[in-house]
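First comes the structure, then the notes that go with it.
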Amino acid sequence: MSAGGGVACWLDPMGATLTGERFDDGDWLFEQKLDGFRFLAFVSGDDALLLTRNRIRHRFPAIEAALIDQDLDDFILDGEVVWGDQRTGAPRASGASDGEYAVFDILRLEGRAVTSLPLTDRKRLLREHFTWTYPLVQVEPLAEDGIAAYERACREGWEGVMAKRRDSLYEHKRSRNWLKMKCDASQEFVVGGFTEPRGARVGFGAL
105 MSAGGGVACW
115 LDPMGATLTG
125 ERFDDGDWLF
135 EQKLDGFRFL
145 AFVSGDDALL
155 LTRNRIRHRF
165 PAIEAALIDQ
175 DLDDFILDGE
185 VVWGDQRTGA
195 PRASGASDGE
205 YAVFDILRLE
215 GRAVTSLPLT
225 DRKRLLREHF
235 TWTYPLVQVE
245 PLAEDGIAAY
255 ERACREGWEG
265 VMAKRRDSLY
275 EHKRSRNWLK
285 MKCDASQEFV
295 VGGFTEPRGA
305 RVGFGAL
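To convert, take the position in the sequence shown, counting from 1, and add 104; that gives our numbering.
Set out below in C-alpha cells:
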C-alpha cells in the first residue's frame, strides 16, 4: 500500500503471542501493556499518517503536528494512542481529546530501516533522536522484573505486561520474542451449603 504525500509504503507491525507464563529473565525487558489503539506512524517531511493494523487512517491533529515538528524528516514509529488514565494513572488535561501517542518501537529513521537492530538499540534511537513532550511519550521498560511487574500490573488495574527479548529484531509477523502477559479477571468467593435437618433438628442439619 502506498500512503500518499511521500509517506512510505505499508509495513506489517510486529505481533505479540499470548502466554500464561510469568517469569523473570535478564534477557527480557517488561513494559506496561497499554489499553489503547495500535497505530504505525509514517512521517515524511510535512506529512504524517497514522494507520491501524488494517491500514485504516485516523486523524489525530495534535499528534500529527507533534510528529511533524520533530527535527527529523523521515521515520516510522510503532505505538498506541491512549486516552485518560490508561497509561499514567493521571487524568489528561482539558482539550486533550486527541489522546497521546505512546511509542514503543521504531522501524525507520531518516530513511534507514532499523528493524534489523536489537530492541535495546531501537529503544536507544527513540531516546536519543526524539523530543518526548505531550502528546508524544516513549514507553520505557519497567524497573521491576517480570513477576513483580505482572503483580504490579494486576494490582494497579493495567491490562497486563508485555515481555520482549532485549535482542529481538522487529519482525513483521506475530512472534514469541514478544509475549503478552494479561491480568486474568478473578474474584474470591465463599461457597457454602447445608444439609436437610434430621431427627429432632429443625431448619437445617449442618453447614
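A virtual CB, placed ideally from N, CA and C, is assigned to each residue, including glycine.
Where residue i sits in the DSSP three-state scheme
i	result
Ala-247	coil
Cys-113	strand
Asp-225	helix
Leu-283	strand
Ile-167	helix
Ile-172	helix
Tyr-205	strand
Leu-273	coil
Leu-138	coil
Glu-184	strand
Arg-159	coil
Glu-255	helix
Gly-193	Low confidence applies here, because Gly-193 scores a pLDDT of 44, under 50, leaving its location unreliable; read the following figure in that light. Coil at Gly-193, not helix or strand.
Gly-199	Note that Gly-199 has pLDDT 44, beneath the 50 cutoff, so the model's placement of it is unreliable and the number below is only indicative. Coil at Gly-199, not helix or strand.
8 angstroms contact criterion, which residue i and residue j should meet: CB distance rounded
i	j	result
Leu-221	Ala-170	Actually they do not touch by this definition, with Cβ atoms about 24 angstroms apart.
Gly-215	Val-185	That pair is no contact at about 25 angstroms.
Trp-167	Asp-150	First, the amino acid is wrong: residue 167 is Ile here, not Trp. About 15 angstroms separates the two Cβ atoms, so there is no contact after all.
Cutoff 8 angstroms; reference residue i; Cβ partners in own chain excluding five residues on either side
i	result
Ile-210	Phe-179, Ile-180, Leu-181, Asp-182, Val-218, Arg-226, Leu-229, Leu-230
Gly-250	Arg-126, Phe-127, Asp-128, Asp-129, Trp-132, Phe-134, Val-265, Ala-267, Met-285
Ser-279	Met-118, Gly-119, Ala-120, Thr-121, Ser-272
Arg-259	none
Close beta carbons around residue i, own chain, < 7 angstroms, minus the five adjacent residues each side
i	result
Gly-124	none
Leu-246	Phe-134, Glu-135, Gln-136, Ala-253
Arg-161	Leu-153, Leu-154, Leu-155
Arg-312	The requested residue 312 is not part of the displayed model; the chain covers only 105 to 311.
His-233	Leu-176, Leu-213
Phe-208	Glu-135, Asp-182, Gly-183, Val-243
Gln-174	Phe-234, Thr-235
Tyr-238	Glu-204
Asp-202	Phe-164, Pro-165, Ala-166, Ile-167, Pro-239
Nonlocal neighbours in the same chain, by C-beta distance under 6 angstroms from residue i, ignoring five residues either side
i	result
Leu-122	Lys-284
Lys-286	Gly-264
Asn-281	Arg-269, Ser-272
Ala-257	Gly-264, Val-265, Cys-287
Glu-275	Met-118
Thr-224	Arg-270
Trp-187	Gly-203
N-terminal and C-terminal residue of the beta strand (DSSP E) that residue i is part of
i	result
Asp-128	Note, Asp-128: premise wrong, no beta strand (DSSP E); not H, not E.
Trp-142	One point to set straight first is that residue 142 is Arg, not Trp, in the sequence displayed. 141-148 is the extent of the beta strand (DSSP E) around Arg-142.
Asp-151	151-155
Val-241	240-242
Thr-121	119-122
Using 8 angstroms as the threshold, is the region 130-145 in touch with the region 264-281, meaning 3 or more CB pairs across them?
Cβ pair count under 8 angstroms is three or more, so yes.
**Prompt:** For the 8 angstroms Cβ check, are there 3 or more pairs between the region 143-152 and the region 121-131?
**Reply:** no
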